Amino acid sequence: LAGIEAQSVKATSAFSKIGATLITLNQTFQLLQSTLGPVLRGLGAVLEVAGKFERLDIMLRRVEGSAQGAADAKKRLLAIVNEMPLSLNQVTAAYVKLNTLGFADSERTIRALGNAVAGFGGTTQEFQRAMTAVQEIIGKGVVSMEEVRQQLAESIPTASRVAARELGVTMPQLFKMIQ
């Protein structure tokens, strides 16, 4: 009986040590998780951004025709992004679409629309709507009152006045030209 009791005490001691080791391992894993979790999430975010830049580079290479042309365009587009509250994705998408439509002055148009939308406290969604209207006008090759009034003027309230001024005509002359 004394031998069984001694073995029981040894087993209890061993199980206590195993329990303490498991608690320590659990605490270590929790510490690693709380320490490495944010690092791994941050690494994931960095990789996601790197992937976005790679996709942007591919789009720009296709539009510009060369890696150097893409690099130059990217610098110019980053300058636009730094000037106004638009993302690089939005600016690049607008640039690619305008150039794909054969529009030569994309950067000036993006800047002008961005500034016009920002001048009224507009959002990136309003910039997108204005850019869609411009792309439809360029794509059709014809300006319609629908694009000017419904899409462009919703995003940029003074769009008609700005267009008239840029064309050097009065508002009535502009509307007559559009019809």
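Every letter in the sequence shown is one number past the one before it in the working numbering, and letter 88, counting from 1, is 88. For each residue, glycine too, the CB sits at the ideal point set by N, CA and C. All of these numbers come straight from a predicted model, not from anything done at the bench.
Item, Value
"Thinking Gly76 and Glu54 are a contact (beta carbons under 8 Å), I'd like their distance in whole angstroms, please.", "First, the residue type needs correcting, since residue 76 is Arg and not Gly in the sequence shown. Arg76 to Glu54, Cβ: 19 Å. No contact."
"So what does DSSP say about Pro219, is it helix, strand or coil?", "Because the chain here runs from 1 to 179, residue 219 falls outside it and cannot be looked at."
"Please go through the segment 93-142 and give each complete alpha helix (DSSP H) segment of 4 or more residues, from N-terminal end onward.", "106-119 and 124-140"
"With C-beta atoms as the reference, is Met59 less than 8 Å away from Thr109?", "no"
"Roughly how many angstroms lie between the CA atoms of Ile18 and Ala2, to the nearest whole one?", "24 Å"
"Quick check on the burial criterion: 16 or more other C-beta atoms within 10 angstroms. Buried or exposed for Ala130?", "buried"
"Where Ser34 and Lys52 are concerned, what is the direct C-alpha to C-alpha distance, given to the nearest angstrom?", "28 Å"
"Would DSSP call Val81 helix, strand or coil?", "helix"
"Whole-angstrom Cβ separation of Ile156 and Leu101, contact assumed at under 8 Å?", "That pair is no contact at about 20 Å."
"Cβ of Leu88 within 8 Å of Cβ of Gly114?", "no"
"In the DSSP assignment, the alpha helix (DSSP H) including Val63 goes from what residue to what residue?", "Ala2 to Glu64"
"Could you tell me the alpha carbon to alpha carbon distance between Ala160 and Leu47, rounded to whole angstroms?", "The question names Ala, but residue 160 in the sequence shown is Ser. Taking the straight line from one Cα to the other gives about 43 Å."
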